[in-house]
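Counted the way mature numbering (1 follows the signal peptide of the UniProt record, and there is no 0) counts, the sequence shown spans residues -33 to -1, 1 to 729. Below is one structure, written out as C-alpha cells; the observations come after it.
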Amino acid sequence: MQSLKSRGMASMPVFLLQLQLLLLLGTAAVASAITWSPECPATCGNISIPYPFGIGPDCSLEGFEVTCKDSKPFLGGNIELIDVALPQGLAHVYWNISYVCYDNSNFRGNTKKLGGKTHFTTNTARLMDLRGTPFKFSDTRNKFTTIGCNTLAYILSSNGQSYASGCLATCSDISSIINGSCNGMGCCQTSIPKGFVYYNSVIDSRLKISSVHQVYPCSYSFLADEKWYQFMASDIISFDFYKRNKKGVPVALDWAVGGTSCEKAKLNTTSYLCHSEHSECTGSPNGPGYYCSCSAGYEGNPYLANGCQDINECELPKQYPCYGTCLNSLGSYTCNCPEGTHGNALIEAGCIRHKSVLGTIIITAGGVGVGILLLLGSSVLIWRKSKERNVRKRKEKFFRQNRGLLLRQLVSSDETLVERMKNCTIEELEKATNNFDSTRVVGKGGHDTVYKEILSDQRVVAIKMSKIANQFDLDQFINEMVILSQINHRNVVKLFGCCLESKVPLLVYEFISGGTLYNHLHDSQHLPPLSLQDRLRIAAEIASALSYLHSAASISIFHRDVKSSNILLDENYTAKVSDFGASRSIPLNRIWVTTAVQGTYGYLDPEYYQTDQLTEKSDVYSFGVILLELLTGKDPISYSRRTERTLTLDFICSLRENHLFDILDPHIVGVEGEKEIETVAALTELCLRLKGEERPTMREVEQKLDAMRRLGKSKHDFNVLENGGMAKDLPSKIPIKDNASGATRQYSLEKELMLSLAEQPR
C-alpha cells in the first residue's frame, strides 16, 4: 500500500502536466475538422474506443486522446477508462479511495499518531482536475460517499472556487446499521453541483475515539457512480473494502464537444461536429457544449460521415415485434397484416381475416353448432347440478335426522373434539368398504354390523353400521356417539369419527384386533387360555376405565351394559371398554337417575331392576359379574339356562361353604396365587352385594386391584397386604346366617329378572 501511495504522490506533477496539456488542447481552435482514418484502432483490449475518442495521431478530437497500455485505455496518461457511451455523452473512469485505518494494523501507508497514543494509517485520494478539458463530473450519476463510524469527510473544490461539502457517518453499534441504506448510520452520501471539475477529499480523523475505532477501525470516502455502490455493514469492520477496490471505483464523467450550444454550432457547418447525415444534436446538461446521437431508426457513430446507418427492424423481432408482413425502410419500418386479413399486425393475433359469403356461412353454421353444443352442455350441467343439489338435500336431511346438529353443537363448544372427531363423508366410507361389501364384515350383533377398513390416512378402523329399526335404536346409536366423543382414556375404545349424512348413521372406531373378552373366556377352542396375571391385569384395566367414567371424566357416565362381550382385547391383551349405546351421562350434583331398566340378564344389577334407579353401583355389580367370569371361566347367561341357578348364587354359596376352588376355572387352580384368588373372590363378593350402598365404588375397586397387583408378587407381600389395609375390608369368610338370607333374596330377584328379560337379551 505504501508503494501505491508513494507512486500516486510521485506521479502528481506528471498528472497535472498532462491535465495542462489537455487544457491547451481544449482551448485550441476546433474549427478545423479532424481527418479520421478507418485504420485508427477501434478498441483497446476489450474496451471500444469510438470517435471522438481515439488512439494515435489524427484519430481523436482534441481533448479525447486515449493511450493504450497493456491492453488498458487511459485518459490523460493515467486515468483508466472503463467505457464510453456516445448517445448519452458519458464515460466511466477508475479513481482511487481515501481511507483512514487505526491501530494494530499491518496496512501500508502513512503511519501517524493521534494525541501521542493512537496509531493510524491514511491514504488520500489523488485530486482530479478536469478544468479546461471536455469532461465534467456527472452531477446526476455520481455521489460523494463516506462510510465508517464517527467519520466526517469533505469534498473540496479548487482554490479558485468556494465550494465545499461533505457528510458525517455515525453508528453506535453494528445492529443499528441497515444494509443497502446510506442514511447516515455507517454510511452517508451527498450530491455534487453541476459543472463540477475539481475533486479532492479529506477525512477528518479527529472524530474517532478508541471505543469506536477498536471495533470499526476503518473509514473511507470516495466519489463514484451511485448505481455501482450498495452499502454493506461489513465494509466498516475491516480493510477488505479497500482491498476489493484497490484498482479504484467507477466515476461517471459527462463530456461534450464544440464548447457552444447546438443552435450556434449548426450555424457553422465547418465546425459542427455531428457529421453523419442522420444525426441529431443535444445540448449538454452539465455545462457548455453538446453531444451527438443518431436519429431514430439509425445506429452507429454520429461524429463520422455516414456513421449513422439504418436499423433493419425486421431482423430484430424481439425489439421491434411484427406479427404480419414486415418491410424495412430508411429510419423506420412498416408492419402490415397479410393479404386477406386486416387489423393491427404489431400485436399478437391482431390480424383478422376478411369476411366472405362462404366464410359467413361457415361462421353461421359453426355458431349454430356451438350453440347446440352449449345447449347440450348446459343441459348436462343443469342435470348434474340438480342431481348434486338433491344429493346434498338428502344428506342434509339425514344429517338432521341423525342428530348432526347436536354433534355440531358439541364440536363448537369443545375445541378438542375437532381433533378427535372427524366428520367422515359417505363417499369416503363407501370407497373404503367397497360399498359395504360383506367380505369386509368382522362382526355382527343384534343391533349393528362392524366392518374392518383402512381409511385414506392409512388408519385401520372399525366402521359400525347400526341396524335402525325404530327411534329407540337411533337414539341409542346417537347416544353412543355423544358419550364417546367426550371420553379420552387408554382403556376405552376411541371414536375417530362418524358419518351422519347417510340413511343409517355410521361410527368410525379404532380397530381392536384381539376379539372380545367373552371369546377368550367362553369360545376359546383356537385361543390360548388367559393366565391368572393376564386376568388380573384385564380386570384392573376395566376398573380403571369405569372409574374414569364415573369420577374423572368431564361428566359422570354410567355404562349400564358392562359385560365381557363389550370388553375388547388388542394384540397385547389390553382391555378396551366398548358399546356405549345404553350409557347415560349424569349431572355432577346427582348420584342416580331414574330410567327404564336396560341391560343384559346375568349382568344386570338387581337393585336397579327393582327400583329403576341407575347409579354408579349398577356398573359395579356388572363388573363383579365380569370378575366372576374371570375367576370361573363360566358364561353367566348359559350357566343360568343350563342349571336354572345363577352363577352369582352358586359363587356366593361356594364362598359360604368354603368350596370356592370347586367353582373356579381349572386353568388358574393349582398355580401359585391362591391368596390372590381368594382376595379377588372377596372383592367380587363385595361387588355383587344386593344393596348398592354395601358395594365399593369403582375408584375403590381400581385402587384395590392395583394394590393387589403391586403387592401380590410374593407371600411376604400378601402378609403386608392382609395386615396393611386392603384385605382388612374384604371378608375372608362369609357369615352363614347373613349370607343365607341374602343369597335367597338374590336368587328370587335373579329368577324374576330371568323371566322378565329372557325375551330381550342384550
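Backbone N, C-alpha and C fix where the C-beta goes; we use that ideal spot for every residue, glycine too.
| Item | Value |
| --- | --- |
| Collapsed DSSP secondary structure at Trp62 in the structure displayed | strand |
| Those runs of the alpha helix (DSSP H) which lie wholly inside the region 277 to 348 and span at least 4 residues | none |
| Residue burial classification, Gly637 (beta-carbon count within 10 angstroms, cutoff 16) | exposed |
| Three or more C-beta pairs below 8 Å linking the region 5 to 16 and the region 220 to 232 | no |
| Whether Ala200 touches Ile141 by CB criterion (9 Å) | yes |
| Cβ pair Ile393, Lys352 closer than 9 Å | no |
| Where Ile114 falls, given that 16 or more other Cβ within 10 Å makes a residue buried | buried |
| Whole-angstrom distance between Pro101 and Cys35, CA atom to CA atom | 20 Å |
| Residue interval of the alpha helix (DSSP H) (run including Lys671) | Met665 to Leu678 |
| Three CB pairs or more closer than 8 Å across the region 484 to 500 and the region 404 to 420 | no |
| CA-to-CA distance, Val427 to Ile349, given in whole angstroms | 39 Å |
| Sufficient close CB pairs (3 or more, under 8 Å) joining the region 506 to 518 to the region 662 to 682 | yes |
| Alpha carbon of Ser139 to alpha carbon of Ser65, nearest angstrom | 23 Å |
| Rounded C-alpha distance that separates Arg98 from Pro305 | 59 Å |
| Under the three-state DSSP convention, the category Asn273 falls into | coil |
| DSSP-derived helix/strand/coil call for Arg656 | coil |
| Through-space distance from Ile509 to Phe547, alpha-carbon basis | 14 Å |
| Exposure of Lys682, with buried meaning 16 or more beta-carbon neighbours within 10 Å | Per-residue confidence for Lys682 stands at a pLDDT of 45, beneath the threshold of 50, marking its modelled position as unreliable; no derived number is given. |
| Contact check, Ser433 vs Leu372, beta carbons under 9 Å | no |
| Pick from Phe590, Gly56 and Asp202 that is closest to Tyr187, judged by C-alpha positions | Asp202 |
| Cα-Cα separation between Leu616 and Ile505, rounded to whole angstroms | 24 Å |
| Contacting residues, own chain, Cβ-Cβ under 8 Å from Gly307 (five flanking each side not counted) | Arg320 and His321 |
| The alpha helix (DSSP H) enclosing Cys620, as first and last residue numbers | Leu614 to Arg623 |
| Beta-carbon proximity of Asp528 to Thr567, cut-off 9 Å | yes |
| Contacting residues, own chain, Cβ-Cβ under 6 Å from Leu313 (five flanking each side not counted) | Cys302 |
| Ser251 versus Cys7: straight-line alpha-carbon distance, rounded | 27 Å |
| CA nearest to the CA of Tyr61, picked from Leu297, Gly30, Trp195 and Gly151 | Trp195 |
| Residues sharing a beta bridge with Asp50, DSSP | His59 |
| Alpha helix (DSSP H) segment containing Glu193, residue limits | Here Glu193 belongs to no alpha helix (DSSP H), and DSSP marks it neither H nor E. |
| Nearest to Arg623 (by Cα), restricted to the options Arg612, Ala648, Gly600 and Ile635 | Ala648 |
| Nearest to Ser168 (by Cα), restricted to the options Leu650, Lys161, Ile145 and Leu190 | Leu190 |
| Rounded straight-line distance, which links the Cα of Ser585 to that of Asp632 | 26 Å |
| Three-state secondary structure assigned by DSSP to Gln368 | helix |
| Closest by C-alpha distance to Cys654, when choosing among Ser589, Arg676 and Gln286 | Ser589 |
| Touching by the beta-carbon criterion (3+ pairs, under 8 Å), the region 269 to 277 and the region 243 to 261 | yes |
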